[in-house]
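Numbering (the numbering used here), first residue to last: 5 to 375.
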């Protein structure tokens with residue numbers, strides 16, 4: 005595992021270095037040509053490549069930070085460093101977009117003349133070709149290394165292709181009509197860069213905030229758990245991501261209460277090991293014993309589930325059902341509502357208590373959860 009992490013860091017670093025070299029060459033060529041011929045859109049595109057160089061440096065540093073082992077201050081590792089790197093890239097891109105937009109506006113209002121040359125077309129055409137190759141290269145590496153930073157770089161390169169194409173169109177208009185479209189092309193480039201920066205920033209920010217895990221991983225995890233012998237069901241599955249392939253999960257596993265505790269413990273231990281080996285998820289499984297011999301409780305649970313779906317909402321489901329007998333019998337359970345359910349938790353609890361209370365003498369004790 006350690007060797008894989010080191011190999012991943014090396015591959016990521018090499019990819020970033022290649023990106024830095026390509027962007028430096030493209031930036032130098034475009035800025036030089038743009039200044040020589042007074043083409044603000046070409047100069048703007050060159051500074052965009054320069055910002056890409058900065059983002060590649062950020063990615064390079066993030067790979068080494070992300071692969072550092074867990075320590076006392078960071079017990080879950082450092083792999084979220086790549087999300088931070090993506091956000092820094094987003095900030096850099098937004099800053100460049102604002103600067104270029106202002107410069108393009110000044111170009112339009114100032115009315116300064118611009119020229120064109122075959123050299124300009126050669127530089128810009130080569131840039132589109134290089135950036136298209138970089139997009140494919142970054143995309144392949146991002147997939148093989150599961151890297152958000154490299155995926156952001158791939159999106160960046162694709163947008164650069166579109167931005168440079170817009171610059172070429174602006175210069176063609178200038179050459180064949182005499183209309184000074186350079187400043188307008190610069191605005192178009194700035195808007196492309198702005199869109200790109202917002203997308204990178206939004207994606208990285210969502211993951212830092214705790215984005216929902218991939219549905220395929222959730223389904224694979226559920227199937228693996230319920231396929232184990234003597235597992236009756238699961239609930240309260242929570243998955244936490246701390247960066248590339250750093251997944252942790254907790255779950256409540258329902259099993260027959262009549263099973264000896266040591267046997268149940270052994271099954272859950274084997275389950276945690278299998279999930280780690282098969283899916284790469286560090287799982288903590290909590291035993292939830294179900295008394296299958298308590299026919300009254302099981303019948304009541306079915307009635308409660310039916311009446312809640314019928315009288316409150318068909319989207320609700322229940323788990324952790326217990327029948328506590330005493331002077332007054334209590335039906336204790338959790339009710340799970342989807343996140344998009346518009347009914348407030350307190351209103352849901354009241355509606356459920358009324359519906360269940362109508363079944364008979366049982367007093368419902370309800371905990372509302374969101375799915």
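For each residue, glycine too, the CB sits at the ideal point set by N, CA and C.
Being a predicted model, the structure only gives us computed values, none of them experimental.
With burial defined as no fewer than 16 other Cβ atoms inside 10 Å of the residue's Cβ, what is the status of residue i: buried or exposed?
| i | result |
| --- | --- |
| residue 82 | buried |
| residue 368 | buried |
| residue 56 | buried |
| residue 299 | exposed |
| residue 33 | buried |
| residue 6 | Bear in mind that the predicted position of residue 6 carries a pLDDT of just 49, short of 50, making it unreliable; the figure below should be weighed with that in mind. It counts as exposed. |
| residue 157 | buried |
| residue 71 | buried |
| residue 329 | exposed |
| residue 370 | buried |
Whole-angstrom Cβ separation of residue i and residue j, contact assumed at under 8 Å?
| i | j | result |
| --- | --- | --- |
| residue 3 | residue 335 | This structure cannot settle anything about residue 3, because the visible part of the chain is limited to 5 through 375. |
| residue 236 | residue 258 | 4 Å |
| residue 154 | residue 166 | With 8 Å as the limit, residue 154 and residue 166 do not qualify as a contact, their Cβ atoms being about 19 Å apart. |
| residue 97 | residue 37 | The pair is not a contact, with the Cβ atoms about 22 Å apart (cut-off 8 Å). |
| residue 249 | residue 150 | 6 Å |
Find the nearest neighbour of residue i within the set the options, judged by alpha-carbon distance.
| i | options | result |
| --- | --- | --- |
| residue 362 | 314, 246 and 322 | 314 |
| residue 353 | 176, 312, 205 and 246 | 312 |
| residue 240 | 203, 270, 287 and 196 | 287 |
| residue 170 | 155, 263, 192 and 154 | 192 |
| residue 58 | 69, 20 and 103 | 20 |
| residue 125 | 25, 364, 179 and 276 | 179 |
| residue 333 | 304, 351 and 87 | 304 |
| residue 372 | 356, 365 and 360 | 356 |
| residue 256 | 267, 144, 205 and 323 | 323 |
| residue 40 | 358, 123, 89 and 74 | 123 |
Hey, is residue i's beta-carbon within less than 7 Å of any beta-carbon in chain B?
| i | result |
| --- | --- |
| residue 334 | Although the question refers to chain B, the structure presented lacks it and comprises just one protein chain. |
**Prompt:** Which ranges does the alpha helix (DSSP H) cover as unbroken runs of at least 4 residues, wholly within the stretch 141–209, from first to last along the chain?
**Reply:** 152–181
_Assess contact between the stretch 72–89 and the stretch 125–145, defined as three or more Cβ pairs (one per stretch) separated by less than 8 Å. Is contact present?_
no
Q.
Whether or not the stretch 41–51 and the stretch 96–108 are in contact is what I'm after, with contact meaning three or more pairs of Cβ atoms, one per stretch, closer than 8 Å; do they touch?
A. yes
Open item on the list: Whether or not the stretch 202–211 and the stretch 60–73 are in contact is what I'm after, with contact meaning three or more pairs of Cβ atoms, one per stretch, closer than 8 Å; do they touch?
Closed with: no
Contact the stretch 166–180 vs the stretch 222–241: 3+ CB pairs below 8 Å: no
| said: Using 8 Å as the cut-off, can you tell me whether the stretch 278–286 makes contact with the stretch 317–334, which would need three or more C-beta pairs spanning the two stretches below that distance? | reply: no
query = Per the contact definition of three or more C-beta pairs closer than 8 Å, is the stretch 331–347 in contact with the stretch 287–296?
reply = no
ask   = At which residue ranges does the stretch 254–337 contain complete alpha helix (DSSP H) runs of 4 or more residues, listed in the order of the chain?
value = 265–283 and 299–315
*asked:* Threshold first: 4 residues or longer. Then list the alpha helix (DSSP H) segments lying entirely within the stretch 16–47, N to C.
replied: none
Which runs of the alpha helix (DSSP H), 4 residues or longer, sit entirely within the stretch 51–114? 85–114
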